[in-house]
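First up is the structure itself, then whatever we jot down about it.
Number of protein chains: 2
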Amino acid sequence: MREVAVVGAGMTRFGKWLDRGLKDLGREAVEGALAQAAVDKHQIEAAVVGNATAGLITGQEMVRAQVILREMGFGEIPMVNTENACASSSTAFHLAWLYVASGLYDVVLALGVEKLYHEDKKRSFRAIGTAVDVEKYQDLVKAAAARGRENGGGAAEAAGRAGESRSAFMDFYASRARSHMKRYGTTAVQYAKVAVKSHGNAALNPYAQYRERYSVEDVLNAPMVVEPLTRLMCSPIGDGAAALVLCSAEKARQLTTKPVWVAASALGSGKDPVPGEPGVTTRVARRAYETAGIGPQDLDVVELHDASAPAELFEYEDLGLCAPGESGRLIDDGATSLTGRIPVNPSGGLLSKGHPIGATGCAQLVEVFWQLRGECGDRQVKGGEARVGLTQNAGGMVRDEAAAITIHVLKR
Amino acid sequence: MREVAVVGAGMTRFGKWLDRGLKDLGREAVEGALAQAAVDKHQIEAAVVGNATAGLITGQEMVRAQVILREMGFGEIPMVNTENACASSSTAFHLAWLYVASGLYDVVLALGVEKLYHEDKKRSFRAIGTAVDVEKYQDLVKAAAARGRENGGGAAEAAGRAGESRSAFMDFYASRARSHMKRYGTTAVQYAKVAVKSHGNAALNPYAQYRERYSVEDVLNAPMVVEPLTRLMCSPIGDGAAALVLCSAEKARQLTTKPVWVAASALGSGKDPVPGEPGVTTRVARRAYETAGIGPQDLDVVELHDASAPAELFEYEDLGLCAPGESGRLIDDGATSLTGRIPVNPSGGLLSKGHPIGATGCAQLVEVFWQLRGECGDRQVKGGEARVGLTQNAGGMVRDEAAAITIHVLKR
Chain A
1 MREVAVVGAG MTRFGKWLDR GLKDLGREAV EGALAQAAVD KHQIEAAVVG NATAGLITGQ
61 EMVRAQVILR EMGFGEIPMV NTENACASSS TAFHLAWLYV ASGLYDVVLA LGVEKLYHED
121 KKRSFRAIGT AVDVEKYQDL VKAAAARGRE NGGGAAEAAG RAGESRSAFM DFYASRARSH
181 MKRYGTTAVQ YAKVAVKSHG NAALNPYAQY RERYSVEDVL NAPMVVEPLT RLMCSPIGDG
241 AAALVLCSAE KARQLTTKPV WVAASALGSG KDPVPGEPGV TTRVARRAYE TAGIGPQDLD
301 VVELHDASAP AELFEYEDLG LCAPGESGRL IDDGATSLTG RIPVNPSGGL LSKGHPIGAT
361 GCAQLVEVFW QLRGECGDRQ VKGGEARVGL TQNAGGMVRD EAAAITIHVL KR
Chain B
413 MREVAVVGAG MTRFGKWLDR GLKDLGREAV EGALAQAAVD KHQIEAAVVG NATAGLITGQ
473 EMVRAQVILR EMGFGEIPMV NTENACASSS TAFHLAWLYV ASGLYDVVLA LGVEKLYHED
533 KKRSFRAIGT AVDVEKYQDL VKAAAARGRE NGGGAAEAAG RAGESRSAFM DFYASRARSH
593 MKRYGTTAVQ YAKVAVKSHG NAALNPYAQY RERYSVEDVL NAPMVVEPLT RLMCSPIGDG
653 AAALVLCSAE KARQLTTKPV WVAASALGSG KDPVPGEPGV TTRVARRAYE TAGIGPQDLD
713 VVELHDASAP AELFEYEDLG LCAPGESGRL IDDGATSLTG RIPVNPSGGL LSKGHPIGAT
773 GCAQLVEVFW QLRGECGDRQ VKGGEARVGL TQNAGGMVRD EAAAITIHVL KR
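If you read the sequences in order, they're chains A and B. Residues 1 to 412 (my numbering) are what the first sequence spells out, left to right. Residues 413 to 824 (my numbering) are what the second sequence spells out, left to right.
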C-alpha cells in the first residue's frame, strides 16, 4: 500500500446554525481544505462524505455527497456516502485514505458534515437515538415502561428520559462512570477536571461552539443529567463541517513542504465483551500502533471521543496513555493539559468544541493535522514541535460496545 | 493493485415481505454467500453494507451494518455503511473490492439490503423521493403548484403526482422516452418489448418478484403511468437482500476452482450535461472497458439498470452495445434476449426481478457471477459458456444526470 499524506484541511466553527444548511456548511469546510492544499476542485479525483442524520433531520436521505458537492461545481468524480454514526466522517477519511493508499486515485477529498439543530429539538434527539439497534431499543423502552406502571411510574419516567437518546448514551456513560469510581476510587472532581480542561482549551479555539471557561465548582454545580454527569460533562448537539485533502506521496511533495502522513488508519466494530479481554477501543488502538510502528508513549497530541467527561478518562486507559485505573491521576497531574506531557483534546473536544456527529471525526483529524503543522495559534501544543498525533472516534452502540471505532495516527 | 475474485453469492427472493425485517433479509443473503464461498463468518475480515432508505422507512438511520451483522455473530471487524441511492450496494461492492485490491484485507463481504414496503405506502414513495436534491425539488413542486393555480389546477395535479417520487423518476424517463421516439423513431412497441423480455426472463428466475409472462399488447394496455410508460414498463418497489464474498487471488485459489474476477470496478457521478459530450453512463463505461481491457463487443451477458423499460434501450446505447438511435432495432432483433447474441437482464432486471433499491446493485452482481459460473438453471445464458459480464447500476439524480453510476466487469 502507498504512503498517504494530508495536505490541507478546513472546517466551520461548530455551533447552532439554524439559518445554514448542509450545502453551506460543507462548502465552507471544503473551500478551506482546498485553499490550504492549494488544490483546485478539478484536481480532486474522488470524494467520500460522512453524515449521520440528515435523512431524519433535514429530509435529505440519499446522495447527500452529490447534493452538497455538485452545488460547488464538483461533478463526474466518484462520490461515496458513508455513515458510521458519530464515527461517520473518520470512516469517510479512512475510505479516502484507502483510495489513495490502494493506488487508484492520487488526490481525494474527505468531508464530514452534520446539521443536528432543528426548530423541533425533539427531532434531533430522536435522530441521535437511531445510533443504536432501534428495534431492540424500542423493546427495552417498552419493557421499562411496563415495569414502571407496576413500580409507581419511576422506571417509566427513566425510560421516557432515555427515550431522548442523548440521555440514553449518557445513561451508559454514567453507569460506566459509577463503576469506575467504585472500582478505582475515581472521583466526580476528576471527571469535572476533564470538563474544565476542555472548556479552557475551547476558549482558545475560534472553531469551538462553547468558549466560556469554568471552574471545577461550576462543573459540579451545573444541572445534573444522570449521576454523576452534570450538563457541563456532556457533549452538546451542534452543526458544522470539516474537510481534508489526502494525496499520494508524489503529489504531496509537489504541493507542500509540510505534508502530514497517515501512519495508520484503523476501523473496527464492537463485539460482545469477553471478561478479561480488551474492549473495542483498545483492540483497534493496538492495531493502529502496530501499523504505525509506535506506542502510546510516542504520542505528542491526541484528539479523542469525549462524548462525556468520564469517557475521556476511560479512553486514556483504553489507548494506553496510562494503566487501567490510573486515568484519574493523569488528569490530576495535568499531563493531558495543553502544556502537559501528552495534551488531549487541545481543540476543546466534543464537550466544548462541539459534536455535530457526522462532522466530528474529520474535525479531530483537522485539529491534529493543524497541530502537527504548528498552525493552532493560542492552543498550539509543544511549541509547534509535535511530531506524532492520534485521533480516536467512536460511533453508535450495538449491545454493549461501540458500533464503530476509528483510530488514526498522523505523523509529520 | 491486486486481483480480486468473487467466490460466493447469495440473495433472497425479491418481493413484498411485510413480515420480514432488514436483519432477516440480510441474514439469508449473507448465509447464502458464505455457504457458496465455503467461508466461515470468522474468516470475513471486513464488511461493507449498502442501504438507502431504512432511516426514513424503518427508523434505523445509523449503524445499519452493525445492527444487521452483529445479530449474525459478526463482530470486531471493520464495518462500513454506504449509500448511493439505487446504486448503494454496487458502491458497497466497489469499496469491498477496494479493500481487497489495496492489499489491506483478503476476504471481504459486500451486502445490499432494503425494505421498501411499509404498511403506509406513502412512506416508501416519500423515502424514494429523497434520491434527488430534496431542497431544490420542494421548490420545484411549489413552483409547479403555483403555476397550477393559474392554469386551472392541471400543473398542480402533475406536481402532486410528481410528489410521489417514483412518478418523479418516471416523469424523467418518460420525457427522455418521448425525445428518443421523436429523434430516432423509436416506438412504444419497442419499449413494450423490453418489458415482455424482462418478464419472460423473470418467469424463469426463482429470485424474481414478478414471474408472470406478458405480451406486447398486455404491456401497452396496462394502466398508463406517464405517456408512454405503462405500469408494466416501470420497476416496482420491493424488499430484499443480496451479498457477495470477495477475496484475493491467493485466497480464491484455495477456496474454489471457479473464481470470477473483478476486471473493473468503476464509480462516477453526474455533472451538468455538455451538448455533444457523452453522458455519465458512457463516461463511466469507457473507464471500465479501458481498465478491463475489453470493449462492448466482448460482453457475453449484461445486467443493467432498467428502472423503466425505455431506460434499458438508452443504456444499450450508453454502454456501446449499439450505436446511438439503434437500440430499438436491437430489441426488435432479439439480440438481447436470453438466447440472443448479448443477453441483457437474464434475471428479469429491475422491471420484473424487482428493485429493492439498496439491494439492486449487489443483486445484479450476484446474477452475473452465477451466469459466469453456469449456475442459472432455466435462465442460463450461452449454455454456461459466458466468459465476460457487465453490470450497470444507477443511483439518484442531481439536476439532469444520475448522482451515481457504477459499472463492474466480471470475467471468469
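C-beta: ideal position from N, C-alpha, C; glycine also. Computed from a predicted model, the values in this text were never measured in an experiment.
At a C-beta separation below 9 angstroms, A:Thr-53 has these neighbours in chain B: Gly-467, Glu-473 and Met-474. B:Thr-803 is bridged by DSSP to B:Glu-715 and B:His-820. Note that the C-beta distance between B:Ile-743 and B:Gln-602 is below 7 angstroms. Taking the CA atoms as reference points, A:Val-113 sits about 6 angstroms from A:Gly-26. Excluding five sequence positions before and after B:Arg-414, the CB atoms of its chain that fall closer than 8 angstroms to its own CB belong to Val-512, Ala-513, Ser-514, Gly-515, Ser-660 and Ala-661, given in chain order. Note on B:His-820: 16 or more other CB atoms within 10 angstroms of its CB, so buried under the neighbour-count rule.
Counting every other CB atom within 10 Å of its CB across the protein chains shown gives B:Met-636 a total below 16, marking it as exposed. Along the stretch 481-494 of chain B, going in chain order, the ones with a CB nearer than 7 angstroms to a CB of chain A are Arg-482, Gly-487, Glu-488, Ile-489, Pro-490, Met-491, Val-492, Asn-493 and Thr-494. Straight-line measurement puts the Cα of A:Val-48 at about 35 angstroms from the Cα of A:Arg-341. Rounded to whole angstroms, the separation of the alpha carbons of B:Ala-678 and B:Thr-703 is 9 angstroms. Contact between B:Asn-493 and B:Ala-477 holds: CB atoms are separated by about 5 angstroms, below the 8 angstroms threshold. With the criterion set as a beta carbon lying under 7 angstroms from some beta carbon of chain B, the members of the stretch 256-281 of chain A are Leu-267, Gly-268, Ser-269, Gly-270, Lys-271 and Asp-272, in sequence order.
At least one CB of chain B lies nearer than 7 angstroms to the CB of A:Gly-396. Burial check for B:Asp-545: the Cβ neighbour count within 10 Å reaches 16 or more, so the residue is buried. B:Asp-545 belongs to the set of residues whose beta carbon lies under 7 angstroms from a beta carbon in chain A. Looking from the CA of B:Met-582, the closest CA among B:Asp-718, B:Lys-594, B:Ala-614 and B:Tyr-622 belongs to B:Asp-718. Interface criterion met: the Cβ of B:Met-413 is under 7 angstroms from a Cβ in chain A.
Excluding residues up to 5 positions away in sequence, Gly-467 lie with their Cβ nearer than 6 angstroms to the Cβ of B:Glu-473 in the same chain.
Taken in chain order, the complete alpha helix (DSSP H) segments of 4 or more residues contained in the stretch 706-777 of chain B are 721-730, 739-745 and 761-764. At a cut-off of 7 angstroms between beta carbons, B:Gly-795 makes no contact with chain A.
Listed along the chain, the chain B residues whose CB falls inside 7 angstroms of the CB of A:Ser-102 are Met-413, Leu-510, Ala-513 and Ser-514.
Within the same chain, Cβ atoms closer than 8 angstroms to the Cβ of A:Arg-387 are found at Asp-300, Leu-372, Lys-411 and Arg-412, the five residues on either side in sequence being excluded.
By the criterion of at least three beta-carbon pairs nearer than 8 angstroms, the stretch 321-328 of chain A is not in contact with the stretch 275-286 of chain A. Inter-segment contact for the stretch 626-644 of chain B and the stretch 803-820 of chain B is absent: fewer than three beta-carbon pairs are separated by less than 8 angstroms. In terms of Cβ geometry, A:Phe-14 and A:Lys-353 form a close pair [threshold 7 angstroms]. Looking at the backbone, the Cα of B:Glu-443 and that of A:Leu-232 are separated by about 46 angstroms. Under the Cβ distance rule, A:Ala-252 does not count among the residues neighbouring chain B, no pair being separated by less than 7 angstroms. Taking C-alpha positions only, A:Arg-183 is separated from A:Pro-356 by approximately 33 angstroms. Burial is judged here by how many other beta carbons sit within 10 angstroms of a residue's own beta carbon; B:Ser-647 has at least 16 and is buried. Not one beta carbon of chain B lies nearer than 7 angstroms to the beta carbon of A:Val-108.
In the three-state scheme derived from DSSP, where H, G and I count as helix and E and B as strand, A:Asp-120 is classed as coil. Here the C-alpha atom of B:Arg-623 lies approximately 32 angstroms from the C-alpha atom of B:Ala-676.
Straight across, the Cα-Cα distance linking A:Phe-74 with A:Val-245 is about 14 angstroms. Between B:Pro-671 and B:Ala-586 the beta-carbon gap is near 42 angstroms, outside 8 angstroms, which marks them as no contact. Counting only the Cα atoms, A:Ser-308 lies some 22 angstroms from A:Lys-271. In summary, B:Pro-758 is buried, with 16 or more beta-carbon neighbours lying within 10 Å of its beta-carbon over all protein chains present.
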